[in-house]
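Below you'll find the structure, written out as structure tokens, and then a few comments.
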Amino acid sequence: MTAEQKKSVKHHLKHSFGFSGFKPNQQDIIDASLAGRDLFAALPTGGGKSLCYQLPALVRPGLTVVVSPLIALMKDQVDAARENGLAAAYINSSQDADTARGVWRELSAGKVKLLYVSPERLSGAEFRAALRSFKVAAFAVDEAHCVSEWGHEFRPDYRTLSNLRTEFPDAPIAAFTATATREVQQDVVTQLGLRDPFIVRAGFNRPELRYRVLRKAKAEQQIVNFVAEHPGDPGIVYRSTRKATEQTAEALQRVGVAAEAYHAGLSDDVRSQVQERFVRDGIQVVVATIAFGMGIDKSNVRWILHGDLPKSLEGYYQETGRAGRDGEPADTLLLWGAQDIAIIRRHIENMQVEHEHHAAEERLRQVLRYVESGVCRRTTLLSHFDEHYPGSCGGCDVCLGEIEFDDCTVPAQKLLSAAVRTGEVFGAHHLVDIVTGTATDRVLERGHNELPTFGVGTEHDRQWWLSLARDLESGSYLLRRESEGGRPGGFMLSSKGRLLLRGKESFAAARRADSGPAAKTSSAAKTARGVQAGSAAAQTAAAAQAALRPDQEELFRCLKGLRKKIAGERGVPPYVVFSDKTLKVMTRNRPTDPSALLRCHGVGDRKLEAYGARFLDAIRGFLASGECGEKE
Numbered sequence: 349m350t351a352e353q354k355k356s357v358k359h360h361l362k363h364s365f366g367f368s369g370f371k372p373n374q375q376d377i378i379d380a381s382l383a384g385r386d387l388f389a390a391l392p393t394g395g396g397k398s399l400c401y402q403l404p405a406l407v408r409p410g411l412t413v414v415v416s417p418l419i420a421l422m423k424d425q426v427d428a429a430r431e432n433g434l435a436a437a438y439i440n441s442s443q444d445a446d447t448a449r450g451v452w453r454e455l456s457a458g459k460v461k462l463l464y465v466s467p468e469r470l471s472g473a474e475f476r477a478a479l480r481s482f483k484v485a486a487f488a489v490d491e492a493h494c495v496s497e498w499g500h501e502f503r504p505d506y507r508t509l510s511n512l513r514t515e516f517p518d519a520p521i522a523a524f525t526a527t528a529t530r531e532v533q534q535d536v537v538t539q540l541g542l543r544d545p546f547i548v549r550a551g552f553n554r555p556e557l558r559y560r561v562l563r564k565a566k567a568e569q570q571i572v573n574f575v576a577e578h579p580g581d582p583g584i585v586y587r588s589t590r591k592a593t594e595q596t597a598e599a600l601q602r603v604g605v606a607a608e609a610y611h612a613g614l615s616d617d618v619r620s621q622v623q624e625r626f627v628r629d630g631i632q633v634v635v636a637t638i639a640f641g642m643g644i645d646k647s648n649v650r651w652i653l654h655g656d657l658p659k660s661l662e663g664y665y666q667e668t669g670r671a672g673r674d675g676e677p678a679d680t681l682l683l684w685g686a687q688d689i690a691i692i693r694r695h696i697e698n699m700q701v702e703h704e705h706h707a708a709e710e711r712l713r714q715v716l717r718y719v720e721s722g723v724c725r726r727t728t729l730l731s732h733f734d735e736h737y738p739g740s741c742g743g744c745d746v747c748l749g750e751i752e753f754d755d756c757t758v759p760a761q762k763l764l765s766a767a768v769r770t771g772e773v774f775g776a777h778h779l780v781d782i783v784t785g786t787a788t789d790r791v792l793e794r795g796h797n798e799l800p801t802f803g804v805g806t807e808h809d810r811q812w813w814l815s816l817a818r819d820l821e822s823g824s825y826l827l828r829r830e831s832e833g834g835r836p837g838g839f840m841l842s843s844k845g846r847l848l849l850r851g852k853e854s855f856a857a858a859r860r861a862d863s864g865p866a867a868k869t870s871s872a873a874k875t876a877r878g879v880q881a882g883s884a885a886a887q888t889a890a891a892a893q894a895a896l897r898p899d900q901e902e903l904f905r906c907l908k909g910l911r912k913k914i915a916g917e918r919g920v921p922p923y924v925v926f927s928d929k930t931l932k933v934m935t936r937n938r939p940t941d942p943s944a945l946l947r948c949h950g951v952g953d954r955k956l957e958a959y960g961a962r963f964l965d966a967i968r969g970f971l972a973s974g975e976c977g978e979k980e
């Protein structure tokens, strides 16, 4: 990167985007991009991915093409870029012919720096040929995990992006995602043909999120109770079926919550309207299948609730990551039950391709390990992405002491003994068959019904024993052998496991203290526990940043009202005007002149010029009279 580019980056960071500094890894990514390198960046949600391709687009000559997966979001993405002064446009199937021709004319005139397109549109050879007539300086692929068959949201049209490498050989490609295992990362690099890419895997920890897991009792009532703990706070409820989304939305509506359902059975227009109302603060809650949320840049989502067991930890991580994007504390709750497991297993059994069947089984096993384990939720979740989290997080139900533990030393020894007596080569299902006395063909063929451990565990049912096996694996008492032919390998004992078998260690398995309906505990009390009990300093800092004094709350409400009014006038979502985080900085700092307002996080020259005076008038009016200078 040249000295001139460095100077330009620094200028645009503040004057176009309103930021005084970079988030972790952003500067390295931008430097690599401007040096012309391919790159792969896995950044947590809220980690500032869009800046990593928007800022270089401002600095470098030529056109940057952004591959964005959802057509419905492109207008908001382009509106947000334009509010920061970027010459941005989009082309997709929602536009009429005249509008699309207008964009092509702007491209021909060199008036567009940032072009958003869908992978479906880029898959067309004719469209790519038209693009080649312009100076395409770079490509940015958002939600890049969709490229990989190993990812949880594989989209076939993303595979055609491999054509970009051969047809635009001089344009660097940057792949961005908020969720990718190393296996998915390598597949993305291979499929996109990235050349010696600069790779960034930022920490996946989201310290502002609090994780809780509850067994289902009356799920609908549990959901209603949880939402009641967050009055007025925007949130998303994920359900696994269309019917469940509609029933849950109706249940919330009956208690006065502005909630709407979102699923694939609704028309494109209806889905777009629901999304629009949610993004623009027209409704509080969206109850959705997993089709909702990808790419939505709504920073003030305060909670995420999964009303059913998710199919993968990657999906769960990405969905919970839609809360707290402003860096302030947010809650997550996962409800699950035995019926959820049965439904997912039936779906897996219907899979025709063997490697897909085994991959889905492994994903389910990982999810069950997460919900059943007595280990810190954050530790379990981050370990899935090969990230080590030391100690207690202080921000999950396990670390907050909401989980009860049973002494399961003797049952654990029975299962470990069965593993040893069968040569440490079998998986959980076969070992559970032995201890429960289930004479399957496999057990009988190997004579395992003659073992002393056959039938020693009939006091518990099969699911209980499978859960215990997952606990032993989570605690590294059982280690899984290398898989063969795509199938999960069998278990062998670790050194810890051998100590436990010999009675040198004890073993406690997690059992939830309250598996009934979600307790109507004060949300504020839970927030205090979640923040203050933690060893993570970032949680305490986030909570301190989030809290406003009572005398500040009224000004904050005034500024939110003004923001909503301006957003309506400009036809953009409120967050595009200013984020909640920026409004809170204004509330605390109370700027009364343009230079002071410009020092607030998120205020750049463009926004200062566009509506800075109205916010200054509102603040001055409030300071003078205790009321907003301009009301909604």
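Mind the numbering: the sequence shown is residues 349 to 980 in the numbering used here, read in order. By construction, the Cβ of each residue, glycine as well, lies at the ideal position given by its N, Cα and C atoms. In this text the structure is predicted, and so the values were computed from the model without any measurement.
Counting other Cβ atoms within 10 Å of its Cβ, E556 reaches 16 or more and is therefore classed as buried.
Between Y665 and H736, the C-beta gap is not smaller than 9 angstroms, which leaves the two residues out of contact. Contact between V426 and Y464 holds: their C-beta atoms lie close to 6 angstroms from each other, under 8 angstroms. Cβ-Cβ separation between V635 and T668: approximately 16 angstroms, too far for a contact (criterion under 8 angstroms).
In this structure, A522 sits away from H493, with a CB-CB distance that is not shorter than 9 angstroms.
By the C-beta density criterion, G960 is buried, having at least 16 other C-beta atoms within 10 angstroms. Distances from the alpha-carbon of H359 to those of V407, G916, N373 and L779 put V407 closest. It is roughly 13 angstroms from the alpha-carbon of K591 to the alpha-carbon of D656. In the DSSP assignment, E821 falls within the alpha helix (DSSP H) that extends over R810 to S822. A436 and Q353 have their C-alpha atoms some 20 angstroms from each other. About 19 angstroms separates the CB atoms of R947 and G433; that is not less than 8 angstroms, and the two are not in contact. Taking 9 angstroms as the cut-off, the beta carbon of T412 is found no closer than this to the beta carbon of R554. Bounds of any alpha helix (DSSP H) do not take in H493, whose DSSP letter is neither H nor E. Only residues of its own chain outside the window of five on either side were considered, and among them P467, L470 and S471 have a CB closer than 8 angstroms to the CB of T508, listed in chain order.
Under the DSSP definition of a beta bridge, H654 partners with Y586 and L682.
The continuous stretches of alpha helix (DSSP H) do not include F367, and DSSP gives it neither H nor E. With contacts defined by Cβ atoms closer than 9 angstroms, Q623 and A607 do not form a contacting pair. Under the DSSP assignment, E568 falls in the alpha helix (DSSP H) whose first and last residues are A567 to A576.
Between the segment 790-809 and the segment 758-770 there are three or more inter-stretch CB-CB distances shorter than 8 angstroms, so the stretches are counted as touching.
Sequence-distant partners of K397 (beyond 5 residues in either direction) whose C-beta falls short of 8 angstroms from its own C-beta, in its chain, are A389, L391, D490, F524 and A526. Contact check for R726 against C747 passes: the beta carbons are separated by less than 9 angstroms. A distance below 8 angstroms between beta-carbons, with the five flanking residues on each side excluded, links A678 to the following residues of its chain, in chain order: E556, L557, R558, V649, R650, W651, I652, A671 and G672.
Nearest C-alpha to N373 among L661, N937, L387 and I914: L387. Contact between G837 and R829 holds, with the beta-carbon distance rounding to 3 angstroms and staying under 8 angstroms. Taking a 10 Å sphere around the C-beta of G663, we find 16 or more other C-beta atoms and assign the residue as buried.
In this model, P800 and D755 are separated by some 23 angstroms (Cα to Cα). In the DSSP assignment, Y464 falls within the beta strand (DSSP E) that extends over L462 to V465.
In the DSSP assignment, E752 falls outside any alpha helix (DSSP H) and lies within the beta strand (DSSP E) extending over I751 to D755.
Taking the Cα positions, S368 is about 16 angstroms away from K932. Secondary structure note for L971: its alpha helix (DSSP H) is the uninterrupted segment A961 to S973. Beta-bridge pairing by DSSP links E720 to no other residue.
One alpha carbon belongs to A686, the other to R693, and they sit about 11 angstroms apart. Taking the C-beta atoms as reference points, S815 is found nearer than 9 angstroms to A857. Per DSSP, the continuous alpha helix (DSSP H) segment holding T538 begins and ends at R530 to L540.
Ranked by Cα distance from F516, the first of Q533, V484, T680 and R430 is V484. Of the candidates L399, F365 and T350, T350 places its Cα closest to the Cα of G384.
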